[in-house]
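Residue numbers (full-length UniProt numbering): 1 to 727.
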């Protein structure tokens, strides 16, 4: 080291010098401290490993274009829930009035937290494990918890894609196989299948032909080979899309993200031309304002916002980690959030236009069946002809005429009316029949499509749309697993992806046994909701309170080139944590109040029946919640009590050509909240005070390093690194 260097002068001086570390190092010749006597780790320098780290920093994959990235985020956030969950919630919670709490919560919870995840992923350029290990090592369990939840969700989500694949291939025939009940021979007599006759053709096809479902979760019934094959195809599609990382999945997103919009627009145009479509849409958007005062409506809206954007899964962070540092992630967050919202509204229009048509068809059937009953009663003199209004024509009976006749009979025969067994046949009753999830996609919607002209074409389009919606979400979910694992443990991308898909397929066989649908319900209800809520709360606290909202805002200003609105400062620091805490409390109360159970299909009754989970199933259910949440306290305890090394005593720094490269998993307690800064140290405010006193080798300054294991002493200079240094 030159004799006139500042460090040499300070070693021979007892004066306190206050100067920033950046200024101090700026006057020194570039030195690689890993290779010099200032190595404070006691490690031998591995030239090959060091070269690999630098190469990794420079060669991180990146999106081919901004459009590809936006489509990936849209494909991930816009999923099956937008098509079959949002319309149900909208109908259940006040129609058009539900859009108000949803939009409010999207703005004060969804958008800020989505922006936060995009920002930390883009800045640190790591998956969820690396991001939260870097921001606060004691909360490093956030990343591992996200990976576990992604795994649980991916297990059953791909089963739904498998179901869609089965229906897709079954759609290439006319008439559609679920359009009428099968005929079975009983000796020389041909009769309609009893289970189908007592329910409906689409319901029978779903429960018996597709799932071949057992009567309860306790009756395994063995594997359903058709669904096993479809699940294998689904995992093969996901594996092929993910095999090369974003190089392969990015190209898939062009089709899987855009095709659903083509189908939705086609269905909307076709739906609006159907008789009764306007009735469905009017019913949908007629606001019931009193519902807005119901806390349950706000809780369900918050939960839907939370899951619609994919918060806490790690997929958002994974996708944004492949962005350039100067990408405007605030614009991305706003764009994707509102595209997600408008997609939900578009899907709701489509669903209720089609369900309005279906309601009119079912109402007409009801009128015809009950008119035949009335004619029978008239012919047997049970009812008098005087009860029938003179203008009623049974050969061209309208719903209005039937309702008038129904009211007259009900008034006159008040004492014996129930014995007649007549239905009111009100269109409103048909429209109020709430269906969601698989009931909407595989029963209600498929039944409506059987009445479409060219029904196989529309069925093919619909299920191909579901496959693409599911595939886009699965790519994001799997990225929430593969990106952080590959970043952290440096495993081969192709080998890990294939191994993960094979393992997931084998574990997923539990969902394709005859009782598999009940396990899908269990995982959907309990494996993600509570753990993810805790994960997102801790993410918010880690950035807003441990690292500091002001410093984070300053980081965003440097990264984006403009200062984000103060709105984000207050939502991150106060509003979002409070709202999420309320949501978590409400979810816990809901779990305690609602008995854990499921809707079982009873073959003998040809109807659904609510059953409670048996003891062993309750054990699985509780284990899912505990296992998904376990990394959070486990990592905290291990690092808090130094039971595992978090790197606080092993700091290696490489300084060359004006930038610092460092390999850190943690710093001392007072520095654990540091955040990744920009490439040029002189342009970056340090996480520490700008000027700190260097008191010499014998001082107790935080700048002084403790002795290395080999007994050598050195001076460590802590400087903010470029984001690529952690790659």
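Cβ atoms here follow ideal geometry from the backbone N, Cα and C, with glycine treated the same way. As the structure is a computational prediction, the values presented were derived from the model and not from experiment.
My output table needs one value for residue i: the three-state DSSP class, helix, strand or coil.
| i | result |
| --- | --- |
| residue 234 | helix |
| residue 653 | Only weak support exists for where residue 653 lies, its pLDDT of 33 falling under 50; the value from the coordinates is given anyway. Residue 653: strand per DSSP, three-state reduction. |
| residue 480 | helix |
| residue 598 | strand |
| residue 120 | helix |
| residue 186 | strand |
| residue 513 | strand |
| residue 640 | helix |
| residue 575 | helix |
| residue 607 | strand |
| residue 223 | strand |
| residue 452 | coil |
| residue 192 | strand |
| residue 54 | Note that residue 54 has pLDDT 47, beneath the 50 cutoff, so the model's placement of it is unreliable and no number is given. |
| residue 612 | strand |
| residue 507 | helix |
| residue 370 | helix |
| residue 313 | coil |
| residue 691 | A caution first: residue 691 carries a pLDDT of 36, below 50, which makes its placement in the model unreliable, though a value can still be read off. DSSP places residue 691 in coil when its eight states are reduced to three. |
| residue 501 | helix |
| residue 564 | coil |
| residue 63 | coil |
| residue 217 | coil |
| residue 389 | coil |
| residue 31 | For residue 31, the predicted structure reports a pLDDT of 44, less than 50, and the residue's modelled location is therefore unreliable. A value from the coordinates is still provided. If DSSP states are grouped into helix, strand and coil, residue 31 belongs with coil. |
| residue 734 | Outside the displayed span of the chain (1 to 727) sits residue 734, for which this structure offers no information. |
Am I right that residue i and residue j are in contact with their C-beta atoms under 8 Å? What's the rounded C-beta distance?
| i | j | result |
| --- | --- | --- |
| residue 200 | residue 447 | 7 Å |
| residue 336 | residue 74 | 6 Å |
| residue 530 | residue 587 | 6 Å |
| residue 536 | residue 113 | 6 Å |
| residue 390 | residue 97 | Residue 390 to residue 97, Cβ: 43 Å. No contact. |
| residue 515 | residue 217 | 5 Å |
| residue 84 | residue 440 | 4 Å |
| residue 572 | residue 542 | Contact flag wrong, Cβ pair sits at about 11 Å. |
| residue 232 | residue 505 | 6 Å |
Please determine, among the options, the residue with the shortest C-alpha to C-alpha distance to residue i.
| i | options | result |
| --- | --- | --- |
| residue 269 | 563, 190, 353 and 210 | 353 |
| residue 620 | 558, 129 and 525 | 525 |
| residue 400 | 379, 417, 363 and 418 | 363 |
| residue 461 | 69, 170 and 636 | 170 |
| residue 421 | 366, 567 and 553 | 366 |
| residue 736 | 271, 523, 544 and 117 | As displayed, the chain neither begins before 1 nor continues past 727, which places residue 736 out of reach and without an answer. |
| residue 580 | 488, 532, 413 and 100 | 532 |
| residue 590 | 300, 181, 318 and 105 | 300 |
| residue 162 | 273, 520 and 183 | 520 |
| residue 631 | 481, 518, 127 and 144 | 144 |
| residue 309 | 333, 292, 328 and 318 | 333 |
| residue 273 | 565, 90, 452 and 118 | 452 |
| residue 229 | 131, 213 and 158 | 158 |
| residue 293 | 561, 490 and 93 | 93 |
| residue 342 | 639, 82, 485 and 314 | 82 |
| residue 577 | 407, 105 and 100 | 105 |
| residue 60 | 118, 99 and 126 | 126 |
| residue 427 | 403, 257, 644 and 384 | 403 |
| residue 479 | 87, 248 and 182 | 248 |
| residue 459 | 107, 388, 495 and 165 | 165 |
| residue 419 | 319, 383 and 133 | 383 |
Please confirm whether any heavy atom of the ligand SAH lies closer than 7 Å to the CB of residue i.
| i | result |
| --- | --- |
| residue 586 | Looking at this structure, you won't find the ligand SAH or any other ligand, since it has none at all. |
Spell out a yes or no on whether the segment 344-359 and the segment 75-92 are touching, meaning 3 or more CB-CB pairs, one atom from each, closer than 8 Å.
Flag = yes, the segment 344-359 and the segment 75-92 touch.
Are the segment 230-246 and the segment 170-181 in contact at 8 Å, needing three or more beta carbon pairs?
Result no; under three Cβ-Cβ pairs closer than 8 Å.
Does the contact criterion of 3 or more C-beta pairs under 8 Å hold for the segment 315-331 versus the segment 114-126?
Enough Cβ pairs lie closer than 8 Å, so yes.
Pairs of beta-carbons, one from the segment 136-145 and one from the segment 624-639, closer than 8 Å: are there three or more?
The segment 136-145 makes contact with the segment 624-639; the number of CB pairs closer than 8 Å reaches 3 or more.
Which ranges does the alpha helix (DSSP H) cover as unbroken runs of at least 4 residues, wholly within the segment 74-98, from first to last along the chain?
Inside the segment 74-98, DSSP marks whole alpha helix (DSSP H) runs of 4 or more residues at positions 80-84 and 86-92, from first to last along the chain.
How about the segment 510-521 and the segment 570-585: do they share at least three Cβ pairs that are nearer than 8 Å?
With the cut-off at 8 Å, the segment 510-521 and the segment 570-585 do not touch.
Across the segment 301-310 and the segment 265-280, are there enough close Cβ pairs to call them in contact, namely three or more that are closer than 8 Å?
By the Cβ criterion, the segment 301-310 is not in contact with the segment 265-280, since fewer than three pairs of Cβ atoms, one from each stretch, lie closer than 8 Å.
Would you say the segment 59-71 touches the segment 251-266, given that touching needs at least three Cβ pairs under 8 Å?
Proximity of the segment 59-71 to the segment 251-266 meets the contact definition, three or more beta-carbon pairs being nearer than 8 Å.
4-residue-minimum alpha helix (DSSP H) runs that sit fully inside the segment 396-473, ordered along the chain
Runs of the alpha helix (DSSP H) lying entirely within the segment 396-473, each at least 4 residues long, are 399-412, 417-420, 427-431 and 445-449 in chain order.
Counting beta carbon pairs with one atom in the segment 211-225 and one in the segment 588-608, are three or more of them shorter than 8 Å?
Result yes; three or more Cβ-Cβ pairs closer than 8 Å.
So does the segment 228-241 actually touch the segment 468-478, counting three or more Cβ pairs closer than 8 Å?
Output reads yes: the segment 468-478 touches the segment 228-241.
Cβ contact (3+ pairs, closer than 8 Å) linking the segment 141-158 and the segment 553-568
Contact between the segment 141-158 and the segment 553-568 is absent: fewer than 3 CB-CB pairs across the two stretches fall below 8 Å.
Check whether the segment 600-612 and the segment 189-200 touch, using three or more Cβ-Cβ pairs below 8 Å as the test.
Between the segment 600-612 and the segment 189-200, the count of C-beta pairs closer than 8 Å reaches three or more; the two stretches touch.
4-residue-minimum alpha helix (DSSP H) runs that sit fully inside the segment 270-329, ordered along the chain
Listed in chain order, the complete alpha helix (DSSP H) runs (minimum 4 residues) inside the segment 270-329 are 277-285, 295-308 and 315-320.
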